[in-house]
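Right, one structure below, let's go through it.
In UniProt numbering, the protein residues as written are 1 to 133.
Here is the structure:
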């Protein structure tokens, strides 16, 4: 959480919405400790929706894939990264599927940096400390 407090690591409100839809330990953790972790979608981010939408619709993705992409957090993650100059952290890898839009493909198409969670943890020099907080 130190990297979040320093403004280097965070997520977005749409990811929080997706987590909140589940009744699990991640949802419990988010409600207890996630304050300040999730950035709101502001007008600067919303201004990038058209750029992301235009790129996606100009590719050869199936209509169902496009509709799904516009309804999930991935669309918003990329708009946030464009608006704020951030890198996107994802487990996904680029793929040439027309049935599913992958975050790395959109990042490559829009010149947005992306990396794996492992790369992010190395860059942040993450430390996992056992014991009481």
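Here a beta-carbon is modelled for each residue, glycine too, at the ideal position from N, C-alpha and C. Computed from a predicted model, the values in this text were never measured in an experiment.
Residue i in three-state terms, based on DSSP
| i | result |
| --- | --- |
| residue 12 | strand |
| residue 110 | helix |
| residue 129 | coil |
| residue 39 | strand |
| residue 121 | helix |
Pick from the options that is closest to residue i, judged by C-alpha positions
| i | options | result |
| --- | --- | --- |
| residue 38 | 51, 93, 50 and 18 | 18 |
| residue 48 | 129, 77 and 89 | 77 |
| residue 116 | 41, 72, 92 and 13 | 92 |
| residue 51 | 42, 43 and 82 | 82 |
| residue 40 | 30, 22, 10 and 28 | 10 |
| residue 121 | 89, 94, 103 and 96 | 89 |
| residue 85 | 28, 96, 20 and 110 | 110 |
| residue 119 | 87, 96 and 103 | 87 |
With 16 other Cβ atoms within 10 Å as the buried cut-off, status of residue i
| i | result |
| --- | --- |
| residue 105 | buried |
| residue 108 | exposed |
| residue 112 | buried |
| residue 74 | buried |
| residue 79 | buried |
| residue 126 | exposed |
| residue 16 | buried |
Own chain residues within Cβ distance below 7 Å of residue i, not counting five before or after
| i | result |
| --- | --- |
| residue 56 | 66, 69, 101 and 106 |
| residue 61 | 98 and 101 |
Nonlocal neighbours in the same chain, by C-beta distance under 8 Å from residue i, ignoring five residues either side
| i | result |
| --- | --- |
| residue 128 | none |
| residue 130 | none |
Quick one: complete beta strand (DSSP E) runs, 3+ long, within the region 64-112?
none
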